[in-house]
Ligand SMILES: C[S@@+](CC[C@H](N)C(=O)[O-])C[C@H]1O[C@@H](n2cnc3c(N)ncnc32)[C@H](O)[C@@H]1O
């Protein structure tokens, strides 16, 4: 199963530290959509493929209850370690077999995860568990992202592009679905009322070390590491050195600006 890629404890720990928190731009987009289609109350949101729970926690302030579900027990364990609002819980489970009652969920959301699911089985479960007019939101980030620091932004972005090129041979077919910006996922959404929002910009400020950790958290870096650990390690260390040199700084704790764009599919269950 593709989710096996995320099962290891060390990988889950990297996720906890180095994944992108739910961007407010996506959170607002989804909440406004849900408000428009179904309206309040916002009782239950379910975050599928929640990993270590970054997106789950981002929703907690807006719902009575938020449940994060992930196939990987190690990811769920990491998610539970982090504190948060008392209305969040995490459970190990599968996107294709959601343990929620029929018509009980207001929002099903999946961040950078739906490309790992069996879309047909997942959609059947979404249809079953959503309330009438309830919504599903499937978002992901476009790569490569841009990096900005003083006047060397172009060079830094080039280093990022090179890193993604190095990792490309280790990408699974599933990651290609994300690369294709969820075109086939959109087609597989069975609700007639559906739309996509492209080019959602957001920013993050992170250190060189964080960016290195982010790369190490990617499923395709993990595959590279299993096949050739020395070359994998050398590739991220080279990237780190290239950043330091381009920026003219000595510390990997130096912070730069990451500029991302995300895309998001939104759909609402018929009444
Ligand atoms: C790339 S991570 C995304 C994690 C998180 N949502 C984020 O935004 O960082 C994908 C997650 O989906 C989970 N996953 C993959 N297939 C799954 C399935 N069929 N059911 C539930 N979770 C699954 C993996 O274990 C992994 O934690």
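In the working numbering, the protein residues as written are 72 to 342.
A virtual CB, placed ideally from N, CA and C, is assigned to each residue, including glycine.
Treat the numbers as computed from the prediction; the structure is a model and nothing was measured.
For residue 270, no alpha helix (DSSP H) run applies; the uninterrupted beta strand (DSSP E) run containing it begins and ends at 265 to 278, by DSSP. For residue 121, the three-state secondary structure derived from DSSP is coil.
Contact annotation: residue 230 and residue 310 have beta-carbon atoms nearer than 7 Å. A direct Cα-to-Cα measurement between residue 325 and residue 281 gives close to 10 Å. The DSSP-derived three-state label of residue 214 is coil. The beta carbon of residue 133 is closer than 7 Å to those of 102 and 113 in its chain, skipping five residues each way along the sequence.
Nearest C-alpha to residue 291 among 278, 306 and 277: 306. Taken atom to atom, the span from the alpha-carbon of residue 219 to that of residue 303 is near 25 Å. Shown here for residue 272: same chain residues with a beta carbon closer than 6 Å to its own, the five before and five after excluded, namely 332 in chain order. Nearest to residue 274 by C-alpha distance, out of 81, 94 and 105, is 94. The three-state secondary structure of residue 177, taken from DSSP, is strand. Distance from the CA of residue 121 to the CA of residue 237, rounded to the nearest whole angstrom, comes to 27 Å. If you look at residue 153, you'll find it isn't in any alpha helix (DSSP H); DSSP assigns it neither H nor E.
Straight-line spacing of the CA atoms in residue 104 and residue 336 works out to 11 Å.
Within its own chain, the residues whose Cβ lies closer than 7 Å to the Cβ of residue 137, once the five positions on either side in sequence are excluded, are 116, 118, 127, 130, 131, 158 and 159, listed in chain order. The beta-carbon separation of residue 330 and residue 216, rounded to 6 Å, stays under the 8 Å limit for a contact. Distance from the CA of residue 163 to the CA of residue 150, rounded to the nearest whole angstrom, comes to 11 Å. Relative to residue 180, the option among 124, 341 and 87 whose CA is nearest is 124. In this structure residue 109 is in contact with residue 177, their Cβ atoms being roughly 6 Å apart against a cut-off of 8 Å. For secondary structure counted as the beta strand (DSSP E) over 3 or more consecutive residues, the region 208 to 261 holds these complete runs in sequence order: 217 to 219. Taken atom to atom, the span from the alpha-carbon of residue 87 to that of residue 173 is near 31 Å. In the same chain as residue 185, and ignoring 5 residues on each side of it, the C-beta atoms closer than 6 Å to its own belong to 209 and 256, in chain order.
Taken atom to atom, the span from the alpha-carbon of residue 284 to that of residue 251 is near 25 Å. Here DSSP, grouped into helix, strand and coil, assigns residue 188 to coil.
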